[in-house]
Amino acid sequence: MPAGGSGDHTIRLWRVTASTSPAPIGHPVTGHHGAVYSVAFSPNGKLPASGSADQMIHLWKLTQ
37 MPAGGSGDHT
47 IRLWRVTAST
57 SPAPIGHPVT
67 GHHGAVYSVA
77 FSPNGKLPAS
87 GSADQMIHLW
97 KLTQ
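Going by the working numbering, the first residue of the sequence shown is number 37, and it counts up by one from there.
#1: Can you give me the C-alpha to C-alpha distance between residue 74 and residue 97, rounded to a whole angstrom?
#2: As a quick exercise: from 60, 59 and 71, pick the residue whose alpha carbon is nearest that of residue 42.
#3: What's the C-alpha gap between residue 64 and residue 99?
#4: What does the alpha-carbon distance come out to for the pair residue 40 and residue 88?
#5: Looking at residue 92 and residue 68, is the spacing between their C-beta atoms short of 8 angstroms?
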């Protein structure tokens with residue numbers, strides 16, 4: 037599942053298929069206090085991590 041960080045301090049998860057335009061999954065993930073510059077997933081794809089201008093790295097437990 038692709039993810040992207042944003043200047044509005046959120047992370048958005050996306051559903052991407054070859055037959056449709058990208059669509060957001062659920063609500064934006066919040067918790068940073070600065071622009072989110074990077075998002076990466078663990079090798080098994082279940083644990084995302086994000087880095088932000090707030091100088092914090094967050095590990096997220098997603099319920100989706």
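For each residue, glycine too, the CB sits at the ideal point set by N, CA and C.
In short, the structure shows the following:
#1: Cα to Cα, the separation comes out at about 17 angstroms.
#2: 71
#3: For residue 64 and residue 99, the gap between their C-alpha atoms comes out near 13 angstroms.
#4: 12 angstroms
#5: yes
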